[in-house]
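Undergrad: Structure provided below as structure tokens; questions to follow.
Chains as they are written, first to last, in our numbering: chain L, 1 to 115; chain X, 1001 to 1111.
The following block contains the structure:
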């Protein structure tokens, strides 16, 4: 039973390029969450999605960042025109989608380095 | 002031010691409390999950929640070198399903 899958595990981009991070939730899970972990900081919530619907994007930066979870395929976190401050570990989590207080299961993360 | 405060450590203990980790929080809407363990360069792994106040035990791990004091704890008995990791407290409440994390406490259990 595969857990949450994320790819790529490591991503290097130059300033101004685009970064695309992918997340496949656990089997049977319909809710996806993205978190960012900066060095020496805890995880910070970014966005919460269901299939074809953004539920809460209160943690997303206003510019350059977007997320989607299409009907088919993985969830995508997209960062346009990356800057050095975007260097961080980005974690995806998923839950079954049955209500509040659900356990969120995390993937291994994508480590983004912006040169 | 952060919503969730957690001492970053590092905390170093000898093998077999009892470890106490804790977090304080300010948002009274939090209802669900979790402890995650994160090994270096890995994703967080859920250790304990507690709803509202009370204690929960699972093997060598005990989680306590005191909502009146806005204080949660994780105790690890008979600590092992394999317990060396960063421990993150996380909380949820008030709707929206998003987790609010502490910064994590780095624990090292030495032989």
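All C-beta atoms, glycine included, are put in the ideal place defined by N, C-alpha and C.
1) Within a Cβ cutoff of 8 angstroms, which residues of the same chain sit near residue 105 of chain L, ignoring the five residues on either side of it in sequence?
2) For residue 1059 of chain X, tell me which candidate among X:1053, X:1099, X:1101 and X:1075 has the shortest Cα-Cα distance.
3) For residue 1054 of chain X and chain L, any beta-carbon pair shorter than 8 angstroms?
4) Report the option in L:87, L:10 and L:79 whose CA atom is closest to the CA atom of residue 1042 of chain X.
5) Quick check on residue 79 of chain L: buried or exposed, where buried means 16 or more other Cβ atoms within 10 Å of its Cβ?
6) To the nearest angstrom, how far is the alpha carbon of residue 112 of chain L from that of residue 1057 of chain X?
7) If you run the structure through DSSP and keep just helix, strand and coil, what is residue 1078 of chain X?
8) At a CB distance below 9 angstroms, what residues from the region 1028 to 1057 of chain X approach chain L? Give them in sequence order.
9) At a Cβ threshold of 8 angstroms, is residue 38 of chain L touching chain X?
10) Name, going along the chain, the residues of the region 98 to 112 of chain L whose beta-carbon falls closer than 8 angstroms to a beta-carbon of chain X.
11) Sorted by chain position, which residues of the same chain lie with C-beta nearer than 7 angstroms to residue 1001 of chain X's C-beta, five sequence neighbours on each side aside?
12) In chain X, what lies closer than 7 angstroms to residue 21 of chain L by C-beta?
13) Shortest alpha-carbon distance to residue 76 of chain L belongs to which of L:39, L:12, L:13 and L:18?
14) Tell me the DSSP secondary structure of residue 1093 of chain X in three-state form.
15) Distance check for residue 1012 of chain X and residue 1105 of chain X, CA to CA, integer angstroms please.
16) Excluding sequence positions up to five away, which residues of its chain have a Cβ less than 6 angstroms from the Cβ of residue 65 of chain L?
17) Residue 1083 of chain X by DSSP, collapsed to three states: which one?
18) Excluding five sequence neighbours on each side, which residues of the same chain lie with their C-beta closer than 6 angstroms to the C-beta of residue 1100 of chain X?
TA: Quick look at the numbers:
1) 3, 4, 26, 29, 93, 94 and 95.
2) With distances taken between Cα atoms, residue 1059 of chain X lies closest to X:1075.
3) No, because no Cβ of chain L sits closer than 8 angstroms to the Cβ of residue 1054 of chain X.
4) For the residues L:87, L:10 and L:79, the minimum Cα distance to residue 1042 of chain X belongs to L:10.
5) Burial call: buried.
6) Linking residue 112 of chain L to residue 1057 of chain X through their CA atoms gives a straight-line distance of about 37 angstroms.
7) Reduced to three states, the DSSP call for residue 1078 of chain X is coil.
8) Across the region 1028 to 1057 of chain X, CB contacts with chain L closer than 9 angstroms involve 1031, 1032, 1034, 1036, 1038, 1041, 1042, 1043, 1044, 1045, 1046, 1049 and 1051, in sequence order along the chain.
9) Not a single C-beta of chain X is nearer than 8 angstroms to the C-beta of residue 38 of chain L.
10) Residues passing the 8 angstroms Cβ filter: 100, 101, 102, 103, 104, 105, 106, 107, 108, 109 and 111.
11) For residue 1001 of chain X, where only same-chain residues beyond five positions count, the Cβ hits under 7 angstroms are 1026.
12) Simply none; closest approach about 13 angstroms.
13) Of the listed residues, the one whose Cα sits closest to residue 76 of chain L is L:18.
14) Residue 1093 of chain X falls in the strand class under three-state DSSP.
15) When rounded, the distance between both Cα atoms is 11 angstroms.
16) Counting only Cβ-Cβ distances below 6 angstroms, and skipping sequence neighbours, we find 79.
17) Residue 1083 of chain X: helix per DSSP, three-state reduction.
18) Only 1003, 1004 and 1091 meet the Cβ criterion.
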